[in-house]
Amino acid sequence: MSDRIWIKNLKSDIDQIELFIVEMKNYVKHLSKIDFDPIRVHNSIISQFTDSLEAVVILLNSNYKDSSTLLTSKINNINGIFIYLRKMIEADMILNIAINNGKELYELYLSQDSIDESHVSNKFGNNRNMFAFSNEPSNKKYYWIEKALDKRVDSIDDLIDLAHVVPDAKSNMKAWIKECNYMSHPTLYSDDKIIAPFNGTFMDDICYVFEIIIEIIHAFYEMIKAIENIPQYHSEYDIDKIKKRIPNETVC
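Residues in the sequence shown are numbered consecutively from 2, following the numbering used here.
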């Protein structure tokens with residue numbers, strides 16, 4: 002397969018993901034009209050997932066001059082792409098934990114969201130230097146989960162351990178996080194690293210990105226389906242529209 006065909010097929014994969022994002026945004030917009038705390042929490046997490054996926058697409062699209070030509074003969078922003086893949090996995094695990102652990106966790110999520118916002122606001126206040134040099138510790142990111150479940154949570158691996166996921170899926174998630182942590186390192190890629198030849202390591206990197214994306218999208222859709230099957234959380238949205246937009250397997 003020529004380089005040009007591979008580049009064009011990659012763009013086709015990106016375009017499929019964009020269509021999925023459009024449908025997810027429609028779902029988020031629908032949920033935002035429902036004034037019910039659990040659905041507000043679901044929508045907040047689903048929005049985070051969708052925004053992270055959109056960021057991946059923006060970073061990938063930024064490499065294209067047209068559908069079959071790259072701007073610089075290489076894929077840029079790979080480390081940023083893996084950062085957002087990690088955020089997608091994080092959102093998936095948090096949604097799983099939220100729907101499986103009851104009312105208190107929803108209340109704490111909304112409270113923590115307000116605390117985080119006011120904490121940052123207060124810190125920036127009239128003197129940004131206070132924020133930069135203060136020794137006061139910031140709020141723990143997963144404090145609301147720790148308080149509800151009485152478990153220490155310091156990492157996405159800890160979230161995976163708490164989620165209701167079968168052992169094989171947990172192993173996959175942890176492997177992906179480990180890979181994302183490595184691949185997102187800012188000094189891993191040099192400016193002169195070109196993508197040719199496509200059958201080399203770099204092609205494997207890009208294929209791996211899409212493998213993770215497709216698997217996470219399927220897992221996240223299953224979470225949405227589970228939520229919509231719970232009578233009190235049913236939003237009356239036709240989630241088959243989302244299912245139909247899940248991208249096909251990639252050409253890699």
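Cβ coordinates follow ideal geometry from the N, Cα and C atoms, glycine included.
Alpha helix (DSSP H) segment containing Tyr-183, residue limits
Position 182 of the sequence shown, counted from the start, is the residue given in the question as residue 183. Residue range 168 to 184 is occupied by the alpha helix (DSSP H) that includes Tyr-183.
Rounded to the nearest angstrom, how far is the Cβ of Ile-217 from that of Met-89, given a contact under 8 Å?
In the sequence shown, residue 217 corresponds to position 216, counting from 1. In the sequence shown, residue 89 corresponds to position 88, counting from 1. About 5 Å separates the two Cβ atoms, so the contact holds.
Of the residues Ser-156, Leu-163, Ile-243, Asp-158, which one's Cα is nearest the Cα of Ala-149?
Stepping through the sequence shown from its first residue, residue 149 is reached at position 148. Out of Ser-156, Leu-163, Ile-243, Asp-158, Leu-163 has the C-alpha closest to the C-alpha of Ala-149.
Pick out whichever of Asp-169, Ser-185, Arg-41, Cys-181 has its Cα sitting closest to the Cα of Ile-213.
As a first step, residue 213 is located in the sequence shown; it is residue number 212 there, counting from the start. Nearest in C-alpha terms to Ile-213, of all of Asp-169, Ser-185, Arg-41, Cys-181, is Cys-181.
If you run the structure through DSSP and keep just helix, strand and coil, what is Asp-241?
Start at 1 with the first residue of the sequence shown, and residue 241 comes out as number 240. If DSSP states are grouped into helix, strand and coil, Asp-241 belongs with the helices.
Using a threshold of 8 Å, state whether the C-beta atoms of Asp-93 and Phe-50 are closer than that.
What you label residue 93 is simply residue 92 of the sequence shown in a count that begins at 1. What you label residue 50 is simply residue 49 of the sequence shown in a count that begins at 1. In this structure, Phe-50 lies closer than 8 Å to Asp-93 by Cβ.
Given this structure, state the Cα-to-Cα distance separating Ser-63 from Asn-44, to the nearest angstrom.
Your numbering for residue 63 matches position 62 in the sequence shown. Your numbering for residue 44 matches position 43 in the sequence shown. Their Cα atoms are separated by approximately 28 Å.
Nearest by alpha-carbon distance to Lys-12: which of Leu-32, Ser-69, Ala-227 is it?
Position 11 of the sequence shown holds residue 12. Checked all of Leu-32, Ser-69, Ala-227; the closest Cα to Lys-12 is Ser-69.
Is it true that the CB of His-186 sits closer than 8 Å to the CB of Asn-97?
Numbered from its first residue, the sequence shown carries residue 97 at position 96. Numbered from its first residue, the sequence shown carries residue 186 at position 185. Contact flag unset, no.
For Gln-113, which residues from the same chain have a beta carbon less than 7 Å from its beta carbon, with the 5 sequence-adjacent residues on both sides left out?
Here residue 113 corresponds to residue number 112 of the sequence shown, with the count starting at 1. Excluding positions up to five away in sequence, the list reads Tyr-144, Trp-145.
Best match in Ile-40, His-31, Ile-6, Asp-14 for proximity to Pro-232 [C-alpha to C-alpha]
Indexing the sequence shown from 1 puts residue 232 at position 231. Comparing Cα-Cα distances from Pro-232 to each of Ile-40, His-31, Ile-6, Asp-14, the minimum goes to Ile-40.
Can you give me the start and stop residues for the beta strand (DSSP E) that Asp-67 sits inside?
Indexing the sequence shown from 1 puts residue 67 at position 66. Here the beta strand (DSSP E) through Asp-67 covers 65 to 67.
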